[in-house]
Structure formats: C-alpha cells, structure tokens
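Encoded as structure tokens, the structure appears first; notes follow it.
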C-alpha cells in the first residue's frame with residue numbers, strides 16, 4: 008500500500024474522525040437497542056430440524072414442558088421423616104397459588120390406590136398432620152417399590168425428592184421467567200433458612216433458561232471490563248503512550264459497537280455462545296492495532312513526521328494485515344458447518360467484526376495517529392546493548408560461545 012490518503016489539515020482530520028465515529032455510533036445505537044438475551048435452550052437447535060419441529064408440534068397440541076423444580080436433599084439419610092414430609096406438603100400446597108402454575112407434583116400428593124374390602128381407595132401418600140413411626144416405615148417401603156416414583160420424584164437411594172411445578176409461560180418471555188424465579192427463590196430461601204435437616208435446590212427448564220441468561224449478562228457486565236482493563240494495562244506498558252492506548256481502546260469500542268449493532272439489526276439473539284464475541288474481537292483488534300501502532304512508534308523514533316510514519320507503517324503492514332484478516336474470516340466462517348444456530352452466528356459475527364477491525368485500522372486509525380502528540384522515546388538500555396552487539400557480531404558470537412561452552 009504505497010499510496011495512502013490522509014485528510015490534510017488538523018481540522019479536516021478531526022472532521023474525518025468525528026464523521027466516521029458518529030455514523031458508527033448511530034448505526035450501533037439502532038441495532039444494540041434491538042438486542043435481546045435469549046436463555047431458552049431451544050435456541051441451540053435449528054428451527055428446520057425435523058426433531059425440533061416434532062417437539063414444537065407436540066407442545067402446540069398439548070403443552071410446553073416449562074417447569075420449576077424444588078429438589079429436597081436430605082442431610083440425614085432417607086427423606087421419609089417428619090421433618091421433611093411436613094415442609095414438602097406445605098410447599099406443595101403453596102405452589103398451587105403461585106403465578107403461572109398449572110400443576111404440582113410431589114411425593115406427598117402422589118396418588119396411592121389401595122383395596123379396602125370390595126372398594127378401591129385413592130388418596131395422596133401424605134395429607135399432612137401427625138404420622139406414626141410404623142406408618143412412616145410402611146410409606147417408605149411402598150415408595151421404594153413404586154416404579155412411578157423411584158427415578159422420578161424420588162431418588163434411588165431415597166435421600167432426594169422433588170416437588171415439580173408445571174408452568175404456563177413462554178421461556179423466551181424474560182418478564183415471566185423473572186417473575187417465576189423471584190417467587191421460587193423466595194420459597195427456596197424460606198425453606199433453607201435455619202434448617203439442618205435438608206437443603207433445597209432449584210432445577211427445571213425455567214431455572215436452566217434463567218441461568219443461561221444470567222451467565223450471558225454476567226459475561227458482559229463483569230468479565231468484559233476486566234478483560235479490557237488488563238488489555239489496556241498491557242498496552243500501556245508496551246506502547247508507553249496514553250494516546251496509543253486510547254487509540255487502541257477506541258478502535259476496540261468501535262469494532263464491537265459495529266458488530267453488536269449488526270447483530271441487533273439482523274435480529275440475532277444474544278446467547279451464552281455469542282456472548283464471547285466482544286472478547287474475541289478485542290484480541291483481533293489488538294492484533295491489527297498492535298502491528299500498525301508498533302511500526303508507527305518505531306518510525307517516529309527514527310525521526311519521521313507523524314504523516315510520514317503513518318504512510319510507512321501502512322506500507323509495511325498492509326499486506327500481512329490483509330492476509331491475516333482473510334484467513335481469520337475464512338476460519339470463523341467455517342463455523343457455519345455447525346448445525347447449531349448460535350455457533351453459526353458466532354462465526355458470522357466475528358468474521359464481520361474482523362472485517363470491521365481491518366477497515367477501521369486502515370481508514371480510521373491513521374487519521375487518529377497523525378493527530379497524536381507523539382514524541383520519540385529515548386532508547387531503552389537493552390536496545391542500546393543490542394545495537395552495540397550488532398555492531399561487533401564476531402566478538403558477540405565468541406563471547407556467547409565461550410559462555411555456553413564454559
């Protein structure tokens with residue numbers, strides 16, 4: 008790239024930077040405002056898959072398998088003790104009055120049919136109230152031999168049991184999921200408070216969907232700032248210039264905004280898989296920017312003016328940057344062979360982000376570089392030593408050889 012266009016005049020360069028930044032921000036704002044986090048596990052399956060369509064048909068004809076499950080884990084052996092059956096019975100009764108609940112299944116309301124003389128009697132296993140030790144033992148023997156309980160609501164070792172509530176909600180509806188998780192966690196905390204007999208855990212499809220959503224949001228809210236902070240600290244040590252670090256950070260920001268804006272305009276959901284896109288793009292942008300800015304710093308140290316240094320840096324790095332961009336794009340586009348849509352979206356968006364990073368590095372970053380008040384740095388001690396060693400190659404070789412042999 009022997010000929011590089013750079014706007015003339017400081018005002019023209021600032022205008023160039025501001026116009027590009029404003030266009031990117033406008034595009035990103037419109038797209039990012041449309042982004043939605045989707046924690047539904049069904050997002051991992053292709054809508055055109057025959058198996059997925061069969062599940063959808065079953066759910067449309069009957070009901071979707073949306074549930075919240077309270078898992079009781081006994082701390083003292085069998086769950087067939089008064090200290091567990093009573094709270095299980097109370098929870099079963101309470102769940103019927105919670106929002107969106109259409110059915111409740113538990114050990115205590117499991118129907119048991121017995122023959123009394125010439126009649127059949129069907130009653131719940133435990134209806135609350137006092138229960139004698141012989142009755143508890145008989146209840147345990149019956150439950151251990153009931154195949155509809157063991158492996159379902161009851162663990163094979165009889166130390167774990169579940170209370171399952173079926174829900175009439177859409178897992179993609181974030182407000183409904185949050186409502187369910189709010190009262191579920193409130194009930195869980197009340198059961199676990201000051202209790203040494205058992206522990207209650209939350210499970211079920213709704214809890215799983217909510218966990219995926221929380222993991223995705225945590226990735227953006229907590230981990231991404233740490234990655235950025237560590238990256239900027241390393242860059243400050245390498246470049247020894249706040250302007251160069253600011254340029255790299257802004258380039259990372261613009262690339263991520265463009266990519267996420269594209270995802271929003273394309274109505275692509277944010278999933279635990281696509282949540283890795285910003286971190287991946289940070290590494291890709293850093294690779295492009297580091298090559299160009301390191302060369303720029305070197306040219307300035309050699310005494311070139313900022314404009315001359317930019318031209319020379321682009322001329323030296325344009326070809327390798329182009330090759331690495333193309334190979335990176337092809338590599339991530341290969342994720343389209345996956346049958347899972349989130350992985351396809353991951354590959355396509357990172358490929359697009361890689362192109363954005365390259366274009367911004369070539370066309371936007373040079374304008375910023377020419378505006379940096381960058382001064383030549385004095386050579387480091389190790390650089391001076393290297394220069395002396397290279398001036399006397401034979402002597403250096405002899406000294407190193409003697410040191411290694413001796």
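In my numbering, the protein residues as written are 8 to 413. Backbone N, C-alpha and C define an ideal beta-carbon position, used for all residues, glycine too. Just so you know, these numbers come straight off a predicted model, no measurement behind them.
Contact check, residue i vs residue j, beta carbons under 8 Å
i, j, result
"residue 81", "residue 92", "no"
"residue 281", "residue 194", "no"
"residue 223", "residue 278", "yes"
"residue 367", "residue 262", "yes"
"residue 111", "residue 126", "no"
"residue 273", "residue 40", "no"
"residue 288", "residue 255", "no"
"residue 304", "residue 251", "yes"
"residue 285", "residue 51", "no"
"residue 146", "residue 132", "yes"
"residue 187", "residue 174", "yes"
"residue 4", "residue 264", "The structure shown does not extend to residue 4, since the chain is modelled only from 8 through 413, so no value can be given for it."
"residue 75", "residue 169", "no"
"residue 212", "residue 44", "no"
"residue 190", "residue 105", "yes"
"residue 327", "residue 216", "no"
Beta-carbon proximity list for residue i, same chain, < 6 Å, skipping 5 on both sides
i, result
"residue 358", "336, 339 and 340"
"residue 176", "73, 107 and 183"
"residue 124", "none"
"residue 129", "118 and 120"
"residue 291", "361 and 364"
"residue 34", "268"
"residue 27", "371"
"residue 172", "75, 102, 108 and 111"
"residue 319", "306"
8 Å Cβ shell around residue i - same chain, five flanking residues per side excluded
i, result
"residue 218", "46"
"residue 324", "298, 299 and 302"
"residue 241", "none"
"residue 329", "365"
"residue 37", "268, 271 and 272"
"residue 293", "238, 242, 255 and 259"
Three-state secondary structure assigned by DSSP to residue i
i, result
"residue 316", "helix"
"residue 149", "helix"
"residue 389", "Only weak support exists for where residue 389 lies, its pLDDT of 43 falling under 50; the value from the coordinates is given anyway. If DSSP states are grouped into helix, strand and coil, residue 389 belongs with the helices."
Sequence-distant residues of the same chain with beta carbon closer than 7 Å to residue i, five excluded per side
i, result
"residue 103", "111"
"residue 203", "82"
"residue 295", "328, 364, 365 and 368"
"residue 345", "351"
With a cut-off of 8 Å, do at least 3 Cβ pairs link the region 208 to 215 to the region 73 to 89?
-> yes
* Counting only runs that start and end within the region 56 to 131, where is the beta strand (DSSP E) found for 3 or more residues in a row? -> 74 to 81, 108 to 112, 118 to 123 and 126 to 131
So, do the region 128 to 142 and the region 225 to 241 have three or more beta carbon pairs nearer to each other than 8 Å?
no
As an exercise, report each continuous beta strand (DSSP E) stretch of at least 3 residues that is fully enclosed by the region 279 to 327, in chain order. none
Item to complete: List in chain order: all unbroken alpha helix (DSSP H) runs of 4+ residues lying wholly within the region 158 to 210.
Response: The region 158 to 210 is shown to contain whole alpha helix (DSSP H) runs of 4 or more residues at 181 to 199, in chain order.
- Query: Can we say the region 36 to 55 touches the region 156 to 175, given the rule of at least three CB pairs closer than 8 Å?
  - Reply: Segments in contact, no.
(Q) Below 8 Å, how does it come out for the region 152 to 160 and the region 85 to 105: are there three or more Cβ pairs, yes or no? (A) no
- Length at least 4, wholly inside the region 208 to 283: the alpha helix (DSSP H) runs in chain order: Fully enclosed alpha helix (DSSP H) runs of 4 or longer: 212 to 225, 231 to 246 and 249 to 272.
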